[in-house]
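For the record, in the sequence shown the residue sitting at position 350 is 350 according to the working numbering, with numbers rising by one throughout. Beta carbons: idealized from backbone N, C-alpha and C, even for Gly. Because the structure is a prediction, the values reported are computed rather than measured. One structure is given here, and the rest of the page talks about it.
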Amino acid sequence: MKPNFVQKVTNWGNFPVVEKEMKSDDSFTKIKDFILTRNEVIARGNGRCYGDASLGENIFSTKKLNKFISFDRLNGIIECESGVLLSEVLEISVPQGYFLYVTPGTKFVSVGGAIASDVHGKNHHAEGCFSEYVLEFKLMIENGEIITCSRDENSEKFWATIGGMGLTGIILSAKFKLKNIESAYIRQESIKAENLDEIFKLFDESESWTYNVAWIDCLQTGKNIGKSILMRGEHAFQHELPQNFKEKPLRLKKKFEPTVPFYFPGFVLNKLTVKIFNLLYYKKQTKKEVKNIVDYETFFYPLDVVRDWNKIYGKSGFIQYQMVIPKEKGKEGMKKILETIARSGNGSFLAVLKLFGKNNPEAYNSFPIEGYTLALDFRVNSKLKALVAQLDQIVQEFGGRIYLTKDSMSKSSLTNYLKNIQNSKFVSLQHKRIVNNNQNS
Ligand SMILES: Cc1cc2nc3c(=O)[nH]c(=O)nc-3n(C[C@H](O)[C@H](O)[C@H](O)COP(=O)(O)OP(=O)(O)OC[C@H]3O[C@@H](n4cnc5c(N)ncnc54)[C@H](O)[C@@H]3O)c2cc1C
């Protein structure tokens, strides 16, 4: 008979799927008991990492740690339990004139997950990672003790946990700062770039903008490599809004949210469909440059509009491969990566390019280093491991890194930026895979 709570668990990429124990509780005594009675434990937030980072032999889900603790409206400081989602923070903070300083491309991640991966947004070059705005958090460590971690208190644990991928303990709650906004809207400019030279030039010219991101058609070859659309944005002031938004500048109308009801058959996504999608996406914008005001959901979370969009990759699932290449070699490195992908025929539906600014040396486990980062989705198939190995090699050659929260396949010595992670009972399947691979190579 299976022990209680053993169930199929998988994260956003639906790869890998494992059958493991997963339990959730909001009683600290019961969480302590869970930790003390298991040899290995890993925390899981909302499973929005793509691969095996929040999978383990015994998974503690923070879903029931979902309460707000306090909201200082004067200073924009919020404290909540770690399973609270960023979407829930926005629901209460935006109407009060506050936004997250740093948000990833989906709002459905937990506060604990945002700290453990030290997530970045479209503004890393200007405002850094999520951790910059974290004041303190409570961490349950190996012996079940709860410690408060901040820059001044237990600071070693504070910095090891930031970007530490759950390997230092379970974050129970956190206190962090929010930024003032005048409206729930973004002043956006979208500019088409014909190739890599042009998009890199546009990134250079846009560094003074708070938010920058480019969508790349990565099936292009030759002189068209790097064909893309750059989107840059700023939080809109009230006086910049059109009249119909001015009445309730901090409230958005509820939108229809379509759902993907079932897994698409594997053949639906192939080189041809990806090519057609990319062509239509690029042609949708007919002018070279478009300026408009869009709501924050459209600007930050375009993918969240379709619930369960991950099912379009079929039951075999997909991976996201995200790497960063140091700035001075950015263009050269990206060219080589895009050429390798185009040659492989493994079309990526979604390829997103962003600029990282200088990293915070104290947050030594965070992924970003100053440079360009590219994130690509690939359907899992028999050729994918070989492509990932090729990409890993290029990233290594250019002195780059891969993002652990997206990884599920890399064989990597590229991940040795994880420091101060002692052998403890907080272990993920990802960590075991990487340690085993490195020992065998
Ligand atoms: C559509 C999409 C877009 C994304 N865009 C971005 C982006 O732009 N930038 C970016 O940085 N990331 C991005 N991500 C990745 C996502 O932000 C991270 O994977 C995030 O950590 C997921 O949080 P989660 O709550 O789902 O945690 P999970 O996916 O469940 O876990 C992620 C990691 O955090 C650890 N963890 C979770 N909760 C706790 C806790 N309470 N205590 C200790 N450790 C914990 C887990 O052990 C694991 O290592 C994106 C993901 C998706 C699906």
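Proximity below 8 Å, CB of residue i to CB of residue j
{"i": "I59", "j": "R44", "result": "yes"}
{"i": "L139", "j": "T168", "result": "yes"}
{"i": "K442", "j": "F367", "result": "A query on residue 442 cannot be resolved here, the shown segment of the chain reaching from 1 to 441 and no further."}
{"i": "D304", "j": "L252", "result": "no"}
{"i": "I186", "j": "E234", "result": "yes"}
{"i": "S412", "j": "F378", "result": "no"}
{"i": "I42", "j": "G51", "result": "no"}
{"i": "S131", "j": "D118", "result": "yes"}
{"i": "W309", "j": "V260", "result": "yes"}
{"i": "G371", "j": "V324", "result": "yes"}
{"i": "K335", "j": "I191", "result": "no"}
{"i": "I31", "j": "I141", "result": "no"}
Same chain, Cβ closer than 7 Å to residue i, five either side skipped, listed in chain order
{"i": "T103", "result": "L86, G121 and F300"}
{"i": "N39", "result": "K425"}
{"i": "K385", "result": "M409"}
Residues near residue i by beta carbon distance below 8 Å, same chain, minus five either side
{"i": "I216", "result": "I199, G226, K227, S228, L338, A351, V352, L353 and L374"}
{"i": "I293", "result": "Y185, I186, R187, Q188, A236, E240, L241, P242 and F245"}
{"i": "K223", "result": "N195"}
Residue i - containing alpha helix (DSSP H), residue span
{"i": "K7", "result": "Just to set this straight, residue 7 is Gln in the shown sequence, not Lys. From DSSP, Q7 is part of no alpha helix (DSSP H) but of the beta strand (DSSP E) over V6 to V9."}
{"i": "I92", "result": "L86 to S93"}
{"i": "G112", "result": "V111 to A116"}
{"i": "D392", "result": "L384 to E397"}
{"i": "I199", "result": "L196 to E205"}
Closer than 7 Å: residue i CB and nearest ligand 1 heavy atom
{"i": "R251", "result": "no"}
{"i": "T298", "result": "no"}
{"i": "H125", "result": "no"}
{"i": "I186", "result": "no"}
{"i": "S82", "result": "yes"}
{"i": "V9", "result": "no"}
{"i": "G121", "result": "yes"}
{"i": "I341", "result": "no"}
{"i": "L303", "result": "yes"}
{"i": "V134", "result": "no"}
{"i": "I171", "result": "yes"}
{"i": "G113", "result": "yes"}
{"i": "W215", "result": "no"}
Residues near residue i in its chain [Cβ-Cβ closer than 6 Å; skip 5 each side]
{"i": "L65", "result": "D26, E81, S82 and G83"}
{"i": "K291", "result": "E189"}
{"i": "T405", "result": "C49, A53 and S117"}
{"i": "N123", "result": "T210 and Y211"}
{"i": "E328", "result": "none"}
Secondary structure of residue i, DSSP reduced to three states
{"i": "R38", "result": "coil"}
{"i": "R343", "result": "helix"}
{"i": "I141", "result": "coil"}
{"i": "Q243", "result": "helix"}
{"i": "K157", "result": "helix"}
{"i": "A53", "result": "coil"}
{"i": "A363", "result": "coil"}
{"i": "F68", "result": "strand"}
{"i": "R73", "result": "coil"}
{"i": "G371", "result": "strand"}
{"i": "F15", "result": "coil"}
{"i": "N437", "result": "helix"}
The beta strand (DSSP E) enclosing residue i, as first and last residue numbers
{"i": "T148", "result": "I146 to S150"}
{"i": "H239", "result": "Careful: H239 lies outside any beta strand (DSSP E) and carries neither H nor E."}
{"i": "K177", "result": "I170 to N180"}
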